[in-house]
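Trainee: Take the sequence shown: its position 110, counted from the start at 1, is 148 in our numbering, and no numbers get skipped.
We put the beta carbon where it would ideally sit given N, CA and C, even for glycine.
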Amino acid sequence: MTSQRTRERLIQRLSEEGISNPRVLGVIRGTPRHLFVDEALAHRAYEDTALPIGHNQTISQPFIVAHMSEVLLQAGPLDKVMEIGTGSGYQTAVLAQLVERVFSVERIKSLQDRAKERLIELNLRNVVFRWGDGCEGWPALAPYNGIIVTAVAAEVPQALLDQLAPGGRLVIPVGPAGDVQQLMLIVREENGFSRTVLGAVRFVPLLNGSIN
Ligand code: SAH
39 MTSQRTRERL IQRLSEEGIS NPRVLGVIRG TPRHLFVDEA LAHRAYEDTA
89 LPIGHNQTIS QPFIVAHMSE VLLQAGPLDK VMEIGTGSGY QTAVLAQLVE
139 RVFSVERIKS LQDRAKERLI ELNLRNVVFR WGDGCEGWPA LAPYNGIIVT
189 AVAAEVPQAL LDQLAPGGRL VIPVGPAGDV QQLMLIVREE NGFSRTVLGA
239 VRFVPLLNGS IN
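Printed below as a string of structure tokens:
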């Protein structure tokens, strides 16, 4: 079930659904998603679906990972990208192969520790991790050319806008937890921010504070 054919079917499906960036498709093809879920779920790892990873959290659906990565990269290559919500580390691993450096913030320490181990196993070394509340971003290392948030916020956290470099791109789901949410692209322009609604999505909530 984790065979090359199963993986190829996922790539086929993603391109049918509109993912067209060949680098993104190539990276998803080469990233072993079955290593990011519990062994008992490994046989479902190449289905285009979110799966539980413990602590009431989920590994994002491959289409969403591909779509968010594609939108982030649409205006050209990025060197510094901050990710809020490391979770299993799957989106982190995909990003690490598409941009120069990834700064990943997670509020649940045990999830992040496991994600770190997986990235080391895969020899992805251009990622640094921070355990903390991603609503505050990671100001010490700002600004970022790209920011990606993998949990839904009622409103876009001001700190993330503040930490966006000129021309920088923020991809974030916005809306009420458990109801219709919109994926947004926010770009820091010369005079303020432009906002584009990309479509309806469903994410777990962005929560305050950090826990073990
Ligand atoms: N991209 C991850 C998705 C994980 S689900 C993956 O594919 O595995 C969303 C993650 O966001 C969870 O791990 C959750 O703990 C984390 N999260 C929620 N609120 C957060 C916050 N304020 N700061 C950092 N991480 C947060």
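(1) Decide if Q50 is buried, meaning its Cβ has at least 16 other Cβ atoms within 10 Å, or exposed.
(2) Consult DSSP for E121 and reduce its assignment to one of helix, strand or coil.
(3) From the DSSP output, which residues share a beta bridge with P211?
(4) Pull the bridge partners of V190 from the DSSP assignment, please.
(5) Output the boundary residues of the beta strand (DSSP E) element that contains P90.
(6) Between the Cα of K147 and those of V132, A131 and G127, spot the shortest distance and give me the residue it belongs to.
(7) Quick one: grab the DSSP three-state call for E144.
(8) CA-CA distance, R90 and I158?
(9) Given that a residue counts as buried once 16 or more other Cβ atoms are within 10 Å of its Cβ, and exposed if not, what is I249?
(10) Along the chain, where does the beta strand (DSSP E) containing Q95 start, and where does it finish?
(11) Going by beta-carbon coordinates alone, are L198 and G230 separated by less than 8 Å?
(12) Is V193 near V212, with beta carbons less than 8 Å apart?
(13) Let me check you understand the geometry: is the CB of V194 closer than 7 Å to at least one non-hydrogen atom of ligand 1?
(14) Quick one: measure Cβ to Cβ for P100 and D86, integer angstroms, because I've assumed they're closer than 8 Å.
(15) Give a single yes or no on whether E144 has its beta carbon closer than 7 Å to a heavy atom of ligand 1.
(16) How is V235 classed by DSSP in three states: helix, strand or coil?
(17) In whole angstroms, what is the alpha-carbon distance linking V187 and V239?
Mentor: Reading it off the structure:
(1) Q50 sits exposed, since fewer than 16 C-beta atoms from the chains shown fall within 10 Å of its C-beta.
(2) The answer is strand: DSSP assigns E121 an E or B state.
(3) Beta-bridge pairing links P211 to L221.
(4) Per the DSSP secondary-structure output, V190 pairs in a beta bridge with P243.
(5) From DSSP, the beta strand (DSSP E) with P90 extends over L89 to G92.
(6) Of the listed residues, the one whose Cα sits closest to K147 is G127.
(7) Residue state, collapsed to three classes: strand.
(8) It is Pro, not Arg, that sits at residue 90 in the sequence shown. Linking P90 to I158 through their CA atoms gives a straight-line distance of about 22 Å.
(9) By the 16-neighbour rule on beta-carbons within 10 angstroms, I249 is exposed.
(10) Q95 to I97 is the extent of the beta strand (DSSP E) around Q95.
(11) No, the pair does not count as a contact, with Cβ atoms beyond the cut-off.
(12) Reading off the sequence, residue 193 comes out as Glu, not Val. With contacts defined as CB atoms closer than 8 Å, E193 and V212 qualify as a contacting pair.
(13) No, since every heavy atom of ligand 1 falls outside the 7 Å radius drawn around the Cβ of V194.
(14) Their Cβ separation, rounded to whole angstroms, is 5 Å, which keeps P100 and D86 in contact under 8 Å.
(15) The answer is yes for E144.
(16) Residue state, collapsed to three classes: strand.
(17) V187 and V239 have their C-alpha atoms roughly 13 Å apart.
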